[in-house]
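In our numbering, the protein residues as written are 89 to 405. Glycine included, each C-beta is placed from N, C-alpha and C at the ideal position. Quick caveat, the model's predicted, so the values are computed rather than measured.
In structure tokens, the structure reads:
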């Protein structure tokens, strides 16, 4: 028996209280690989017969308990049982399960296995309590999002090395999109297919108009002859708001443009303004909250990793 900690520490910071576990095994568990994709920290573990439970040497800080983020496990080879909230799901090769790393959980395998475990930062994937309760330690094999996530993870595990930073940003987005699809599929039955289709139509309309700085709930309601109250309820049923959805999509578009070589000399503030965010200080704070870095630092890091030539002009906001 030993304590395994830091297995999800890919340079993001202090993971105390989240990624420390007590491991009981026949042969020692080996960390085969660690990598990071934007807001997703990944670790590939290899072992045989194993029992795993969280390790709590001292009380977990309240902020960690309140915002634990989400963990998902993917069985590369062998089998694994995931238990949480008095529920258990048996996973075989190619299957995915969701759980959180703070609420008591258990992992058990009776065979040699390879198991990929990943933590998703809380700010990147806000899951409501009822969604969490519907998804943790559940069989997700019927979900299209889970199948897509499994296929993506299989490809990454088979790769010879972790993706470079710029590619990792987009692969991290793909992982988050798959997880969001799982949540949407689970939620669809609760909110009804008709409202799910309407939500898709409304978000498509917003996506086409992200550059309009006057994009509001009122504008969306007027364009579709709906009340603002109904719009707010519909977006709340899908775990967001019109303002929150628009902000997230704009920041994603801006991040993509910051990575593109053609924009290497374009000021950050000008790129933000293209997408309807005109206040540089508001933009900088929102970008840092979403992606963990100030926009200038984000672009500089991408440039230093050879994603584009260094700027020759003034790129300050």
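Let me know the secondary structure DSSP gives residue i once reduced to three states.
i: residue 378; result: helix
i: residue 356; result: helix
i: residue 384; result: helix
i: residue 166; result: coil
i: residue 110; result: strand
i: residue 323; result: helix
i: residue 203; result: strand
i: residue 142; result: strand
i: residue 340; result: helix
i: residue 134; result: strand
i: residue 389; result: helix
i: residue 190; result: coil
i: residue 184; result: strand
i: residue 124; result: strand
i: residue 92; result: strand
i: residue 198; result: coil
i: residue 115; result: coil
i: residue 175; result: strand
From residue i to residue j, what distance separates their C-alpha atoms?
i: residue 365; j: residue 296; result: 16 Å
i: residue 344; j: residue 331; result: 20 Å
i: residue 367; j: residue 189; result: 37 Å
i: residue 184; j: residue 163; result: 7 Å
i: residue 213; j: residue 339; result: 15 Å
i: residue 173; j: residue 224; result: 8 Å
i: residue 143; j: residue 380; result: 27 Å
i: residue 158; j: residue 208; result: 5 Å
i: residue 261; j: residue 337; result: 12 Å
i: residue 333; j: residue 115; result: 47 Å
i: residue 303; j: residue 294; result: 8 Å
i: residue 194; j: residue 109; result: 10 Å
i: residue 398; j: residue 248; result: In this predicted model, residue 398 has a pLDDT of only 40, less than 50, meaning its place in the structure is not dependable; the value taken from the coordinates is given anyway. Going by the C-alpha atoms only, they are around 28 Å apart.
i: residue 300; j: residue 307; result: 11 Å
i: residue 378; j: residue 211; result: 7 Å
Using a Cβ-Cβ cutoff of less than 6 Å, which residues in the same chain neighbour residue i once the five nearest sequence positions on both sides are dropped?
i: residue 130; result: 123 and 206
i: residue 371; result: 360 and 365
i: residue 90; result: 111
i: residue 202; result: 134, 164 and 165
i: residue 169; result: 176, 178 and 196
i: residue 182; result: 238
Who are the Cβ neighbours of residue i in its own chain at under 8 Å, not counting the five residues just before and after it?
i: residue 117; result: 92, 111, 133, 134, 135 and 138
i: residue 315; result: 309
i: residue 369; result: none
i: residue 198; result: 137 and 167
i: residue 346; result: 356, 359, 383, 386, 387 and 390
i: residue 313; result: none
Give me, in chain order, the residues of the same chain whose beta-carbon lies closer than 7 Å to that of residue i; leave out the 5 immediate sequence neighbours on both sides.
i: residue 234; result: 184, 228 and 270
i: residue 113; result: 135, 136, 137 and 138
i: residue 274; result: 219, 222 and 223
i: residue 263; result: 125, 128, 237 and 240
i: residue 283; result: 322 and 325
With a threshold of 6 Å, establish whether the CB of residue i neighbours any heavy atom of the ligand PLP.
i: residue 356; result: You won't find the ligand PLP in this model; it holds no ligand whatsoever.
Identify every run of the alpha helix (DSSP H) within the region 208 to 287, keeping only runs that are complete inside it and at least 4 residues long; order them along the chain. Within the region 208 to 287, the runs of alpha helix (DSSP H) at least 4 residues long that lie entirely inside it are, in chain order, 217 to 223, 232 to 246 and 253 to 279.
Assess contact between the region 287 to 304 and the region 322 to 330, defined as three or more Cβ pairs (one per stretch) separated by less than 8 Å. Is contact present? yes
Quick one: complete alpha helix (DSSP H) runs, 4+ long, within the region 289 to 336? 305 to 311 and 316 to 325
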